[in-house]
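Residue numbers (this note's numbering): 3 to 256.
Glycine residues also receive a C-beta, built at the ideal position from the N, C-alpha and C atoms.
These notes are about the structure you will find just below.
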Amino acid sequence: MKNFEQIIVANWKMQLSIEEAKKLARTIKNLATEKKISAKKKIVLCPDFLSLPEVAKMLKDSDLSLGAQDGFYEDIGAFTSQVSIRELKASGCEYIILGHSERRALGETNLTINLKVKAALKHGLIPIICVGETFTERQEGNKGTIIMHQVFEALQGVEVENHHQIIIAYEPVWVIGSGQAISGEEASQTAAMIRQSYVDVMEGRHTDSLGVIYGGSVDPSNINHFTKMANIRGALVGGASLKATTFVELIQNS
Ligand code: PEP
């Protein structure tokens, strides 16, 4: 991961109206300035599609970045309801969350995630690829296989160049929104496995392009359990990103 030491990504899901998203973005921006949050900590806000233009205006001339929660891999065409990654870039997005478990639950596959990663890199967006096991997969002893498979399929055939960045978020599905995060040690071991899978699929090339982050019930009191681990470069945050003071406290503690 280049240009910054840590990345904290807010996933607002479908939780806010356009007005609420605007207000939250404004307050986070002001608080981050007031608390002198270093630009070395990259903050990314991911509102829903409709709020993107308004939040983009709010973040203009700040160190905060805009991200989308998904996007479609074709640039243009008869794809009712889809939003192209090309247009997300034109709307000011720098990042894009791909393969979130809530998208996978609605039918997103490793194959479509792979096409989206390729489109994201083609249009200059940084993909944040979510991987992680369900509780059943874990109980059946398949956590490692599932995650390696997700990393491999998301990145197969992806042409990474030196200037590209790729973020992989380890998000144990059963932990998301539960209020009960896993241990920093387990997250760190899984991050190491994810890195190894990345190295294998890239055949040892572009290792500097990858940053692994953790997501799943992160809050201001536990964020440093993860960020103190050398191989975890930040967090993907759902619930705790919806209140400006909580989110900025989380960033300060990271
Ligand atoms: C998420 O949805 O990606 C997430 C990490 O949510 P939460 O922080 O609420 O567990």
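Cβ-heavy atom distance, residue i to the ligand PEP, below 7 Å
i: Leu238; result: yes
i: Val220; result: yes
i: Asn13; result: yes
i: His102; result: yes
i: Ala242; result: yes
i: Ile170; result: no
i: Glu251; result: no
i: Gly206; result: no
i: Gly73; result: no
i: Phe217; result: Here residue 217 is Gly; the residue named in the question, Phe, does not match the sequence. At least one heavy atom of the ligand PEP is nearer than 7 Å to the Cβ of Gly217, so yes.
i: Gly179; result: yes
i: Glu110; result: no
i: Glu173; result: yes
Between the CA atoms of residue j and residue i - distance to the nearest angstrom
i: Asn112; j: Tyr97; result: 19 Å
i: Gly69; j: Glu139; result: 29 Å
i: Asn224; j: Trp14; result: 20 Å
i: Ser257; j: Arg28; result: Summary: the structure shown does not reach residue 257, with the chain confined to residues 3 through 256, and so no result is reported for it.
i: Thr82; j: Asn116; result: 21 Å
i: Leu123; j: Asn144; result: 30 Å
i: Ser185; j: Ala232; result: 14 Å
i: Ile234; j: Ile215; result: 5 Å
i: Lys62; j: Glu142; result: 47 Å
i: Gln8; j: Ile170; result: 13 Å
i: Pro55; j: Val153; result: 31 Å
i: Glu89; j: Ile168; result: 20 Å
Residue i, buried or exposed, once every other Cβ within 10 Å from all chains shown has been counted against 16
i: Asn32; result: exposed
i: Met60; result: buried
i: Asp72; result: buried
i: Leu108; result: exposed
i: Glu205; result: exposed
i: His102; result: buried
i: Thr35; result: exposed
Inter-stretch contact (C-beta, 8 Å, three-pair minimum) for the segment 50-60 and the segment 33-41: Contact between the segment 50-60 and the segment 33-41 is absent: fewer than 3 CB-CB pairs across the two stretches fall below 8 Å.
Just checking, does the segment 199-207 make contact with the segment 120-132 on the three C-beta pairs under 8 Å criterion? In short, these stretches do not touch, since the Cβ pair count stays below three.
Across the segment 245-253 and the segment 210-218, are there enough close Cβ pairs to call them in contact, namely three or more that are closer than 8 Å? No, they do not touch.
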